[in-house]
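This report concerns only the one structure given below.
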Amino acid sequence: MTAAPVHLAGERLMLDPGGVLWWPARRLLAVADLHLEKGSALAARGALLPPYDSRATLDRLIPLVRRYAPLRLVALGDSFHDRQGPARLPPPEAERLRALASAVPIIWVRGNHDPAPPQALPGEAAAEWREGPIAFRHEGGGDTPEICGHHHPKATIATRGKPVSRPCFVADARRLMLPAFGAYTGGLDVRDPAIARLFPRGCRVFLQGRDRLYSFTLGQLRAAEPVT
1 MTAAPVHLAG ERLMLDPGGV LWWPARRLLA VADLHLEKGS ALAARGALLP
51 PYDSRATLDR LIPLVRRYAP LRLVALGDSF HDRQGPARLP PPEAERLRAL
101 ASAVPIIWVR GNHDPAPPQA LPGEAAAEWR EGPIAFRHEG GGDTPEICGH
151 HHPKATIATR GKPVSRPCFV ADARRLMLPA FGAYTGGLDV RDPAIARLFP
201 RGCRVFLQGR DRLYSFTLGQ LRAAEPVT
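Each residue of the sequence shown is one higher than the last, beginning at 1 in UniProt numbering.
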């Protein structure tokens, strides 16, 4: 996979096509919106889905952690779909998370779905995490350079007359929004006002491909398909 470089607050960051952020100078890996145990939460409400979303999410995350060998892993909130998510984790997935946390310290940034730290799992809980000049938050909108998640950004681009919609990173000079990583997470179009208000001077989006990212301006996306 080929990561794409961006700069924020004078720091060089790498956007991985797998959906994570790598900060080489700090050896920090960041991921947003795992939404572990979303499947079991929906099942409790009668929406029956295959109960394997946590397994699928960890199947993607753990190899990325091994590849980069970070000194810390920052999970940018909504790591679990609700407060009871950690208790519903199947034992094999709970053990995989504990093994991951024994290999690399995990910072659990609190989100709106998981405002309390996960019980019985290693790691440090924080309302936000500061690393050098950058703040790591669940929801963007702060007054300092920041990396955030929350909105599950996606973008659509026309290719050979057929629109393709993918999760994406969104970046400008002071803010970087990560795509949702979880297996059952949906997406919000980057042109939606909830996201667009955070990038009032425009932005670049980086669509996730299989092995690389595809960069577009907001104007190019507007030309592809109207917001519905």
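We treat Cβ as the ideally placed atom computed from N, Cα and C, and that holds for glycine.
Taking all protein chains shown into account, aspartate 33 has 16 or more neighbouring C-beta atoms within 10 Å of its C-beta and is therefore buried.
Counting other Cβ atoms within 10 Å of its Cβ, serine 102 stays below 16 and is therefore classed as exposed.
Taking a 10 Å sphere around the C-beta of alanine 180, we find 16 or more other C-beta atoms and assign the residue as buried. In this chain, the beta strand (DSSP E) harbouring proline 163 covers 162 to 171.
Apart from the 5 residues on each side of it in sequence, proline 133 sits with its Cβ closer than 8 Å to the Cβ of Ala9, Gly10, Glu11, Thr144, Pro145 in its chain, given in chain order. Per the Cβ contact rule, the region 50 to 66 is not in contact with the region 155 to 167 (fewer than 3 Cβ pairs under 8 Å). Here leucine 29 is not near leucine 97, since their CB atoms are 7 Å or more apart.
In the three-state reduction of the DSSP assignment, threonine 57 falls in the helix class. When rounded, the separation of the alpha-carbon atoms in leucine 89 and glycine 182 is 14 Å.
Between the beta-carbon of glycine 77 and that of aspartate 16 there is about 19 Å, and that puts the pair past the 8 Å contact cut.
Contact annotation: histidine 152 and leucine 207 have beta-carbon atoms that are not nearer than 7 Å.
Annotation: the continuous beta strand (DSSP E) that includes glutamate 124 extends over 124 to 126. Ranking Ala56, Arg201, Phe80, Asp53 by CA distance to the CA of histidine 138 puts Phe80 first. Boundaries around arginine 12 are those of the beta strand (DSSP E), 11 to 15, since no alpha helix (DSSP H) includes it. Secondary structure note for proline 86: its alpha helix (DSSP H) is the uninterrupted segment 85 to 88.
Excluding residues up to 5 positions away in sequence, Leu207 lie with their Cβ nearer than 6 Å to the Cβ of tyrosine 214 in the same chain.
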